[in-house]
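Student:
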Amino acid sequence: MIVVDASVLANALVYADERGHRARSILSADPEWAAPEHWKIELFSVMRGLALGNKISDDMAHAAISRIPELGVDHVPVEPLLPRMWQLRAGISGYDAAYVALAESRAITLVTSDARLARAATRYCAIRLVD
Numbered sequence: 014m015i016v017v018d019a020s021v022l023a024n025a026l027v028y029a030d031e032r033g034h035r036a037r038s039i040l041s042a043d044p045e046w047a048a049p050e051h052w053k054i055e056l057f058s059v060m061r062g063l064a065l066g067n068k069i070s071d072d073m074a075h076a077a078i079s080r081i082p083e084l085g086v087d088h089v090p091v092e093p094l095l096p097r098m099w100q101l102r103a104g105i106s107g108y109d110a111a112y113v114a115l116a117e118s119r120a121i122t123l124v125t126s127d128a129r130l131a132r133a134a135t136r137y138c139a140i141r142l143v144d
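Quick note on the numbering used here: the sequence shown kicks off at 14 and runs consecutively.
1) Select from Ala120, Met73 and Arg136 the residue whose C-alpha is nearest the C-alpha of Ala47.
2) Can you check the region 16–62 for any beta strand (DSSP E) of at least 3 residues that lies completely inside it and give the ranges in chain order?
3) Which of the three DSSP states, helix, strand or coil, is assigned to Leu142?
4) Quick one: give me the first and last residue of the alpha helix (DSSP H) that Val113 is part of.
5) Please list the terminal residues of the continuous alpha helix (DSSP H) segment that includes Asp72.
6) Where Arg80 and Gly104 are concerned, what is the direct C-alpha to C-alpha distance, given to the nearest angstrom?
7) Just to confirm, is the Cβ distance from Leu115 to Val89 under 7 Å?
8) Just grab the DSSP bridge partners of Leu123 for me.
9) Report the rounded CA-to-CA distance for Ile21 versus Ile69, giving the unit in angstroms.
Below, the structure is given as structure tokens:
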């Protein structure tokens, strides 16, 4: 099992280029994924931003959003993670701290395409940066 963040899922869903291929390869290598329960909202926000920024079409964003329920991610409640998220507050954003706290608590790898998160989290959990 791996913890997946919204950046990796977004790349896997919308990009046909090498970045999308790398994300899909890593995700297919470990079919059991976990994420804090807010991941759907975060992924929606990424799709919205890409569409509003004209990086992807509205149709592509809508198609990706439509696939969210099919992804099979284990939704982990945030409540048990909150104390650790608070401890991580100085160096990691609240949203990202949930992913880090989850990976750390389960002693599993956090897979991300966010280089800044990867750098900040290496002290706390195993990281796989998909760039």
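All C-beta atoms, glycine included, are put in the ideal place defined by N, C-alpha and C.
Tutor: Considering the structure as presented:
1) If you number the sequence shown from 1, residue 47 lands on position 34. Ala47 has its Cα closest to that of Ala120, out of Ala120, Met73 and Arg136.
2) 46–49
3) Here residue 142 refers to the residue found at position 129 of the sequence shown. Here Leu142 sits in strand by DSSP.
4) In the sequence shown, residue 113 corresponds to position 100, counting from 1. Start and end: Gly107 to Arg119.
5) On the sequence shown, position 59 is the one that residue 72 refers to. Unbroken alpha helix (DSSP H) run through Asp72: Asp71 to Arg80.
6) Working through the sequence shown from its first residue, we reach residue 80 at position 67. Working through the sequence shown from its first residue, we reach residue 104 at position 91. Approximately 32 Å between the Cα atoms of the pair.
7) For the purposes of this step, residue 115 is taken as the residue at position 102 of the sequence shown. For the purposes of this step, residue 89 is taken as the residue at position 76 of the sequence shown. Yes, these two residues count as a Cβ contact at 7 Å.
8) In the sequence shown, residue 123 corresponds to position 110, counting from 1. Answer is Val16 and Ile140.
9) As a first step, residue 21 must be located in the sequence shown, where it is residue number 8. As a first step, residue 69 must be located in the sequence shown, where it is residue number 56. The sequence given here places Val at residue 21; Ile does not occur at that position. Approximately 16 Å between the Cα atoms of the pair.
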